[in-house]
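Heads up, the thing below is written out as structure tokens.
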Amino acid sequence: MERELIQTVQEKLGYAFQDPSLLELALTHRSVAHDPRSNNERLEFLGDAVLQLTVSTYLYRKFPDMPEGELAKTRSLLVRESTLADVARELELDRYLRVGEGERRSGAQHRDSLLCDVLEAVYGAIYLDGGFAWAEQVILGHLPAWDAGELALVDAKSTLQEYFQQTAKKLPVYTLVQETGPDHDKRFVVEVHFEGEFLGAGSGTTKKEAEQEAARQALVKLGIQ
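Here my numbering is used: the first residue of the sequence shown is -16, the next is one more, and so on.
Printed below as a string of structure tokens:
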């Protein structure tokens, strides 16, 4: 990987590697190098553990009165695939990830699962290069600064689903009612209903975002939030 490219990635991460080869390894998918010593899978394994410990410690200190079950649920929101993929996109890791030609043609480097994996690999590389303190600092700098109330709203769709499963043993229905804009700038509008009753509508640049907004509106209408 070119030195200028390595420098660009480091600037986006906010961390300068003592051993840049670790960053190169973190950005190398197995479709490029099948040898476990030459791709990022082992670093991903390590980075996942570092991420879990960092977020667990952060939540333990930030919310001293939160019970264990809520801590676990909150952690799952912060380290879930879609959240980490969004962080990876903000860092533009999809631009720098090395994947095989077939994967690149299929757009694999833009998938949430792959972006989540590469971000964890980068965290593992930072841990090996600079130690836990540096890895912790970088990770916490990437996580959204949510308070407890905002965290409860992050996954409104799951909250709404759990509510109806507990009260009615049925699930709400999400319907795409509008899709506008060119391919590079789409806008979606989604409505959520339960047994035919309109509960809320939401819009967003992705269907998932629109569904979450619709679920938030439904939670407000139901008096849950």
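Ideal Cβ positions, reconstructed from N, Cα and C, are used throughout, including at glycine.
In chain order, 70 place their CB closer than 7 Å to the CB of residue 125, counting only its own chain and leaving out the 5 sequence neighbours on each side. Going by DSSP, residue 147 is part of no beta strand (DSSP E) but of the alpha helix (DSSP H) stretching over 139 to 150.
Judged by beta-carbon spacing, residue 34 lies within the 7 Å limit of residue 62, meaning their Cβ atoms are closer than that value. Taking C-alpha positions only, residue 25 is separated from residue 153 by approximately 41 Å.
Residue environment analysis places residue 100 among the buried positions, since at least 16 neighbouring C-beta atoms fall within 10 angstroms of its C-beta.
Inclusion of residue 191 and residue 74 in the CB contact set at 7 Å is not warranted, their separation being larger than that value. Restricting attention to 170, 174, 179, 156, the CA atom closest to the CA of residue 197 is found in 174. Counting only the Cα atoms, residue 107 lies some 9 Å from residue 6. For residue 73, the enclosing alpha helix (DSSP H) stretches over residues 64 to 73. By the C-beta criterion, the region 74 to 83 is judged to be in contact with the region 12 to 24, since at least 3 inter-stretch pairs fall below 8 Å.
Counting only the Cα atoms, residue 205 lies some 39 Å from residue 120.
Each of 57, 84, 147 was checked against the Cα of residue 156, and the nearest Cα belongs to 147.
Rounded to whole angstroms, the gap between the alpha carbons of residue 187 and residue 102 is 25 Å. Sixteen is the threshold: when 16 or more other Cβ atoms of the shown chains lie within 10 Å of the Cβ of residue 118, as they do, the residue is buried.
The shortest CA-to-CA distance from residue 166 to any of 189, 182, 151 is the one to 189.
By the Cβ-count criterion, residue 164 is exposed, with fewer than 16 other Cβ atoms from all chains shown falling within 10 Å of its own Cβ. DSSP places residue 125 inside the alpha helix (DSSP H), whose first and last residues are 115 to 125. Rounded to whole angstroms, residue 113 and residue 105 show a C-alpha spacing of 12 Å.
Scanning 32, -9, 18, -10 for the CA closest to the CA of residue 110 turns up 32. Residue 95 is positioned such that its CB atom lies closer than 7 Å to that of residue 65. Judged by beta-carbon spacing, residue 42 lies within the 7 Å limit of residue 54, meaning their Cβ atoms are closer than that value.
The beta carbons of residue 193 and residue 183 sit no closer together than 7 Å. Restricting attention to 158, 58, -15, 67, the CA atom closest to the CA of residue 171 is found in 158.
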